[in-house]
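Asks: Please find one structure pasted underneath; my questions will follow.
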Amino acid sequence: MASLSASNHVARVLSVANHVADVDASSRIANSWRRCLVSHKLDPARQGPPQTLTEAEIRHVAEPMEETIRLATPELDDLARVLRDAGYCVNLADVNATMLFSRLPGEADAKMFLDWKIYTGSNFAETFEGTNGLGTALAEEKPILVHRDEHFRAQWHMFSCAVAPLFDQAGRLAGAVNITSCREDLERTAHQLALAVTMEATRRMEGAIFRGHFRNAWIATVPGDGGSGLLAYDDDRRIVGACRSARALLGLTDGLIASGIDLSRYIKFDHHAARGADEVVELRRADGSALGQGHVAPPLRARPSTQRRDVPVDRFDSLHRLAGRDPGLIKSVKRLRSIGDHNLPVLLYGETGVGKDVFARAIHAASNRARNHYVALNCAAMPESLIDAELFGYQAGAFTGARRDGSKGLIVQADGGTLFLDEIGDMPIALQTRLLRVLENREVWPLGALKPVPVDIRLISATHRDLGRMAEEGAFRADLYFRLRGMEVRLPALRERADRDDIIRQIAREEAPDCRLSDEAWALFSAYPYPGNMRQLRHVLRLAGCTAEDGVIMDADLDLPPFGGRAAEPDLAAAERATIIEALRKHGGRVTEAARALKLSRATLYRKIKQLKIETAQ
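Per the numbering used here, residue 31 is the first one in the sequence shown, and the count goes up by one each step.
Structure, rendered in structure tokens:
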């Protein structure tokens, strides 16, 4: 039956050359099939895996894209978490369609991708593999959905791919974001929705790449019919950069930007009103007509021309921004500064969605290892059968299905840099023993290796579980727990943060820059407990930014499901804790004044702070 189906598919593809296929003759799929037959001279019946690079080749190819991958990784990880349950793998590929970043779905689906060699290092250029989401999107520089038998090669008929091309800060093609599922139960409409999610995530990646490149410039977000565009300009209001959509919107070219053309030739606004912080401003065209509301962000760092060269930028800036005005986090950042570049392991504790990976990246960026790799593994997302090989690596032929040249493993990849193990509490006991041996001996034994590989890593771990209690109950190795807990940092839930309102405003500016919150929406936001924390807040605001009419987010735009509290923390205790945190915030962390406001004795308040594990800035 399979061979009959394959032969039918091949006959259907070949009929395209004669314009008799049962597809729209002018469709993108049909045009791509013709390219594959006529220009690329490909055979739709050919069997076999895609071309796959060796580890050394991957490193060489990925080197020019290291900064792009670093800036895009948070969004890629977020996209993988959102789509994982639907069986999607998530990939970032370069302009040649070589996958340089991969996140696989759950265990059953992951095996399919591993068996078919759809992972880091695989190449899916249209010139090799025929019509497929990744190769065709890059060939045409447009988003595309290639559903099952729309693939050129018959062997890919069980997969559905949704791909969005990625453009850099100058509007040049930089690669593509690919999501692929092998689920037969997903209809085309589900994949179309997944494509929309991917396109939105790619837009945010492009924003992060643009802001990262022009971090020393002012950045204006300009509204347009095809979506907002980003403009970078200097203190003299000369345009220094523009993204792809801004170039199309305003007719900007490389030549005009290189000439240092004045911003007022295109848009006008009250720049002085936006000099202190991120601001929403009213934009006008050069002729004075209204353009709409835009957003202006100041430089992330002082420009070199205004900064003394002998005064370095504080490398702990990102950590301080993450800490905000929360007393407990401010105290933790002070402690992190004090340990400096000492190779002390850090254990991050916090609920799901509080931003443990973001915090870990900021610790890495603030260390003397910042120039080296930051490598992350989510122990809960990786099937137990694969963690061993992913973490410790393996030699060629170590097991059935192993790569021809073996794999270095994440620990060796992080040599000289930082290894982040998220959800460490989900690591199997047997692997905990191997990890402990790595930390003690500073060497790794890959599977099938005859000798160890020396490594120098800084380990940051994260969990939402009570590892201390797990260690007491024998569910987690006590010796490993104390190895991981060189310094423990508690990341508070969003509902517990003293600066929660500040965070909501900041994330609203990032996720819905062209919108403002109505009073009703703000009241809902302020009262909601956010069981999904930062991640949930971002998702809610992204959706609200898409559905809001006339740039105003109403309460009806907020997807906030009912939430009755957590079993781990009784409602009364949670309410009391939140009240004390708010009082401390209002009084700048001064316990005496907070106690007076709460009508408690200072001793009672100190006792409750200790009992409820509330950290105060010292």
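We treat Cβ as the ideally placed atom computed from N, Cα and C, and that holds for glycine.
Judging by CA-CA distance, which residue of LEU122, ARG183, ASP108, VAL120 is the nearest neighbour of ASP73?
Replies: Taking the first residue of the sequence shown as 1, we reach residue 73 at position 43. Nearest to ASP73 by alpha-carbon distance, out of LEU122, ARG183, ASP108, VAL120, is ARG183.
Asks: Taking DSSP's pairing of strands, which residues face MET457 in a bridge?
Replies: Taking the sequence shown and counting its residues from 1, one reaches residue 457 at position 427. Per DSSP, none; premise fails for MET457.
Asks: For MET235, I'd like the list of residues in its chain whose CB is within less than 8 Å of its CB, leaving aside the five on either flank, ordered along the chain.
Replies: Residue mapping note: residue 235 aligns to position 205 of the sequence shown, counting from 1. For MET235, where only same-chain residues beyond five positions count, the Cβ hits under 8 Å are LEU101, ALA102, GLU105, LEU106, LEU196, VAL207.
Asks: Under a Cβ-count criterion, where at least 16 other Cβ atoms within 10 Å of its own Cβ denotes burial, should GLN199 be classed as buried or exposed?
Replies: One-based indexing of the sequence shown puts residue 199 at position 169. Buried.
Asks: Can you pull the DSSP bridge partners for ILE297?
Replies: Mapped onto the sequence shown, residue 297 falls at position 267. ILE297 pairs with ARG315.
Asks: Closest to ALA528 by CA distance: which of GLY618, LEU113, ARG213 is it?
Replies: The sequence position of residue 528 within the sequence shown is 498, counting from 1. Closest by alpha carbon: GLY618.
Asks: With contact counted as at least three CB pairs below 8 Å, one residue from each stretch, are the region 377-386 and the region 548-564 in contact?
Replies: Judged by pairs of C-beta atoms under 8 Å, the region 377-386 touches the region 548-564, as three or more such pairs exist.
Asks: Locate the alpha helix (DSSP H) running through MET229, then write down its first and last residues.
Replies: Sequence index remark: in the sequence shown, residue 229 carries index 199 (1-based). That run of the alpha helix (DSSP H) goes 218-243.
Asks: Would you check if the region 239-249 and the region 216-231 touch, i.e. whether three or more CB-CB distances between them fall below 8 Å?
Replies: The region 216-231 is not in contact with the region 239-249.
Asks: Helix, strand or coil, according to DSSP, for PRO195 in the structure here?
Replies: By one-based count along the sequence shown, residue 195 stands at place 165. Strand.
Asks: Below 8 Å on the Cβ atoms is my guess for LEU122 versus GLY205; work out the distance and round it to an integer in Å.
Replies: As a working note, residue 122 is residue 92 in the sequence shown. As a working note, residue 205 is residue 175 in the sequence shown. Going by Cβ atoms, the distance from LEU122 to GLY205 rounds to 6 Å, so yes, they are a contact pair.
Asks: Quick check on DSSP: helix, strand or coil for GLU180?
Replies: To locate residue 180, count along the sequence shown from 1; it is residue 150. Helix at GLU180.
Asks: How do the region 107-117 and the region 143-154 stand: do at least 3 beta-carbon pairs fall below 8 Å, yes or no?
Replies: With the cut-off at 8 Å, the region 107-117 and the region 143-154 do not touch.
Asks: Cα separation between ALA303 and LEU168?
Replies: Position 273 of the sequence shown, counted from the first residue, corresponds to residue 303. Position 138 of the sequence shown, counted from the first residue, corresponds to residue 168. Any reading at ALA303 must be qualified, since the residue scores a pLDDT of 49, below 50, and its modelled position is unreliable; the value itself is stated next. Rounded to the nearest angstrom, the two C-alpha atoms are 41 Å apart.
Asks: Going along the chain, which residues of its own chain have a beta-carbon closer than 6 Å to the beta-carbon of GLY259, five neighbours each way excluded?
Replies: By 1-based counting over the sequence shown, the position of residue 259 is 229. For GLY259, where only same-chain residues beyond five positions count, the Cβ hits under 6 Å are VAL252, CYS273, SER275, ALA276, LEU279.
Asks: According to DSSP, is TRP63 helix, strand or coil?
Replies: Here residue 63 refers to the residue found at position 33 when the sequence shown is read from its first residue. Residue state, collapsed to three classes: helix.
Asks: Between TRP552, TRP475, ARG572, which lies nearest to ASP531 when the distance is taken from Cα to Cα?
Replies: What you label residue 531 is simply residue 501 of the sequence shown in a count that begins at 1. Ranking TRP552, TRP475, ARG572 by Cα distance to ASP531 puts TRP552 first.
Asks: In angstroms with no decimal places, state the Cα-to-Cα distance between VAL485 and THR161.
Replies: As a position in the sequence shown, residue 485 is number 455, starting the count at 1. As a position in the sequence shown, residue 161 is number 131, starting the count at 1. If I take the Cα positions, the gap works out to 42 Å.
Asks: May I have the straight-line CA-CA distance separating GLY271 from ALA327, to the nearest angstrom?
Replies: In the sequence shown, the residue the question calls residue 271 occupies position 241. In the sequence shown, the residue the question calls residue 327 occupies position 297. The straight-line gap from Cα to Cα measures roughly 14 Å.
Asks: In chain order, what residues of the same chain lie with their CB nearer than 6 Å to the CB of ALA597, ignoring the 5 residues before and after it?
Replies: As a working note, residue 597 is residue 567 in the sequence shown. Residue placement at ALA597 cannot be trusted, given a pLDDT of 37 that sits under 50; what the coordinates show is reported in the next sentence. The beta carbon of ALA597 sits closer than 6 Å to no other beta carbon from its chain once the five residues preceding and following it are set aside.
Asks: Classify PRO591: buried if its beta carbon has 16 or more other beta carbons within 10 angstroms, exposed otherwise.
Replies: The residue labelled residue 591 in the question sits at position 561 within the sequence shown. So PRO591 ends up on the exposed side.
Asks: For the alpha helix (DSSP H) holding ASN563, just list the boundary residues, first then last.
Replies: As a first step, residue 563 is located in the sequence shown; it is residue number 533 there, counting from the start. Looking at the DSSP string, the run of the alpha helix (DSSP H) that includes ASN563 is 563-577.
Asks: State the start and end residues of the unbroken beta strand (DSSP E) segment that holds ARG632.
Replies: As a first step, residue 632 must be located in the sequence shown, where it is residue number 602. Taken as a continuous stretch (DSSP letters only), ARG632 belongs to no beta strand (DSSP E), being part of the alpha helix (DSSP H) at 632-641.
Asks: Who are the Cβ neighbours of VAL376 in its own chain at under 7 Å, not counting the five residues just before and after it?
Replies: Numbered from 1 along the sequence shown, position 346 holds the residue referred to as residue 376. Cβ within range, chain order: ILE393, ILE490, GLY516, MET517, VAL519.
Asks: Does PHE506 pass the burial test, meaning 16 or more other C-beta atoms within 10 Å, or should it be called exposed?
Replies: Here residue 506 refers to the residue found at position 476 of the sequence shown. For PHE506, the number of other beta carbons within 10 angstroms of its own is at least 16, and it is reported as buried.
Asks: Buried or exposed, going by whether 16 or more other CB atoms sit within 10 Å of the CB of VAL405?
Replies: For the purposes of this step, residue 405 is taken as the residue at position 375 of the sequence shown. Burial call: buried.
Asks: Following the continuous alpha helix (DSSP H) through GLN536, name the residue where it begins and the one where it ends.
Replies: Taking the sequence shown and counting its residues from 1, one reaches residue 536 at position 506. Residue range 530-541 is occupied by the alpha helix (DSSP H) that includes GLN536.
Asks: Ignore the nearest five residues each way along the sequence and tell me which others in THR157's own chain have a CB closer than 6 Å to its CB.
Replies: One-based indexing of the sequence shown puts residue 157 at position 127. Cβ within range, chain order: HIS70.
Asks: Please return the same chain residues whose Cβ sits closer than 8 Å to the Cβ of LEU44, not counting the five positions on each side in sequence.
Replies: As a working note, residue 44 is residue 14 in the sequence shown. Once the five neighbours on either side are set aside, the close Cβ partners of LEU44 are LEU67, PRO74.
Asks: With distances taken Cα to Cα, identify the nearest neighbour of SER294 among SER319, THR609, ARG268.
Replies: Position 264 of the sequence shown, counted from the first residue, corresponds to residue 294. Comparing Cα positions, the closest option is ARG268.
Asks: Let's test the definition: count the other Cβ atoms within 10 Å of the Cβ of THR493 and tell me whether it reaches 16, buried, or not, exposed.
Replies: Stepping through the sequence shown from its first residue, residue 493 is reached at position 463. By the 10 Å Cβ count, THR493 comes out buried.
Asks: Quick check on this structure: which residue in GLY165, LEU635, ARG535, ARG488 has the alpha carbon closest to the alpha carbon of ASP371?
Replies: Start at 1 with the first residue of the sequence shown, and residue 371 comes out as number 341. Its Cα nearest to that of ASP371, the residue ARG488 stands out among GLY165, LEU635, ARG535, ARG488.
Asks: Between the Cα of TRP41 and those of ASP179, ILE249, GLY322, spot the shortest distance and give me the residue it belongs to.
Replies: Counting from 1 along the sequence shown, the entry for residue 41 is found at position 11. The amino acid at residue 41 is misidentified as Trp; the sequence shows Ala. Comparing Cα positions, the closest option is ASP179.
Asks: Quick check on this structure: which residue in ARG568, LEU514, LEU321, TYR296 has the alpha carbon closest to the alpha carbon of ARG535?
Replies: What you label residue 535 is simply residue 505 of the sequence shown in a count that begins at 1. Closest by alpha carbon: ARG568.
Asks: How would you write the range of the alpha helix (DSSP H) that GLU518 sits in, first residue to last?
Replies: Locating residue 518 in the sequence shown gives position 488, counting from the first residue. That residue, GLU518, is in no alpha helix (DSSP H); its beta strand (DSSP E) goes 517-520.
Asks: Provide the residue(s) that pair with ASN398 in DSSP beta bridges, ordered along the chain.
Replies: Here residue 398 is taken as the residue at index 368 of the sequence shown, counted from 1. According to DSSP, ASN398 bridges with nothing at all.
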